[in-house]
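Notes for the one structure printed next.
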DNA sequence: TATTATTATCTCAGATTCAAGATAATTTAA
DNA sequence: TTAAATTATCTTGAATCTGAGATAATAATA
């Protein structure tokens, strides 16, 4: 009877992603943001105005959580809800000036931090890693 | 101004681990277990009797969450708490017969499922992936 | 037009998590 | 031996997440 999971790629992959997740969580705590909050801000920062559902699709959380996290960020003054004139069911969300300014500060730090985590890999290794991970990702 | 994260290894790594996590979550939902609950059972199944703290160290959640998840599993009759005779602060946790039987069923399914997710890689590729991930993990 | 289905968001209850502090037992050191 | 520090677990309260269902608007179809 095999009691222990001995699929090493699996174990190491999950360890690595967990470590990265924890590291980012700590970084974002410095800015008083949860990872979910940061993810929402990141989507808006990259793509500009989005509907709530578009954001939800990007970061894959439930509609109940979306309402909650958008509420929180609105209370912090980092984004604003705007009714859509064409479809009154829809709400557009955009970063406020404060939100944009905050992201202008946070994003370079975030990118540096992410790059640091992967700087032990040279270009070839990074490419290999991407190829192998894609093979796994696309089968899961 | 770089608004988008273009660190491809990072993005693909997080996508892959998230997909795997979701897949396992779905598998475990069939057994009416959350991933945290399964992780606790897995530790006990592998290592036998453990203290609450030992389990917590393995799966890295807070002591408050440990109490909660152990309570749930105890209510389901899958494990039992036992006072430690040598140190009355300590509580030993073991799988009940029901818990053991359940794990005897779940674990082979779980291993198959994990192996499936990685079967697109041959042995060389799996080894390369492990090496590259370790390089990242150990720097984070 | 009237009916039905779909869509987008919100509400709410319940589950899960963590942090801080409480409790109680043990170990260490004066 | 007593006091202080450490350790293991539990309690509590706040934060966050999910899922089910409500609401309201729009689209599709007869």
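Residue numbers (my numbering), protein chains in the order written: chain G, 1 to 140; chain Z, 1001 to 1140. C-beta: ideal position from N, C-alpha, C; glycine also. Just so it is clear, the structure is predicted and the values come from calculations on it, not from any experiment.
Asked: Out of curiosity, what's the CA-to-CA distance linking residue 1138 of chain Z and residue 118 of chain G?; Found: 10 Å
Asked: 8 Å is my cut-off, CB to CB: does residue 1058 of chain Z come that close to chain G?; Found: no
Asked: For the segment 15-39 of chain G, which residues have a beta carbon sitting closer than 7 Å to at least one beta carbon of chain Z?; Found: 15, 16, 17, 19, 20 and 23
Asked: Between the Cα of residue 1036 of chain Z and those of Z:1062, Z:1008 and Z:1125, spot the shortest distance and give me the residue it belongs to.; Found: Z:1062
Asked: So residue 1107 of chain Z and residue 1068 of chain Z are in contact, right, with Cβ under 8 Å, and what is the actual spacing, rounded?; Found: Not quite, the Cβ-Cβ distance comes to about 24 Å (not below 8 Å), so this is no contact.
Asked: DSSP beta-bridge partners for residue 1050 of chain Z?; Found: Z:1093
Asked: Let me make sure I understand the geometry here. Which of Z:1136, Z:1048, Z:1105 and Z:1058 has the alpha-carbon closest to that of residue 1079 of chain Z?; Found: Z:1048
Asked: Going by alpha carbons, who is nearest to residue 1042 of chain Z out of Z:1006, Z:1115 and Z:1100?; Found: Z:1100
Asked: Cα separation between residue 1053 of chain Z and residue 126 of chain G?; Found: 37 Å
Asked: Report the rounded CA-to-CA distance for residue 1131 of chain Z versus residue 129 of chain G, giving the unit in angstroms.; Found: 10 Å
Asked: Distance, Cα to Cα, residue 140 of chain G vs residue 1085 of chain Z?; Found: 46 Å
Asked: What does residue 1068 of chain Z reach in chain G if we use C-beta pairs closer than 7 Å?; Found: In chain order: nothing, as chain G lies at least about 20 Å away.
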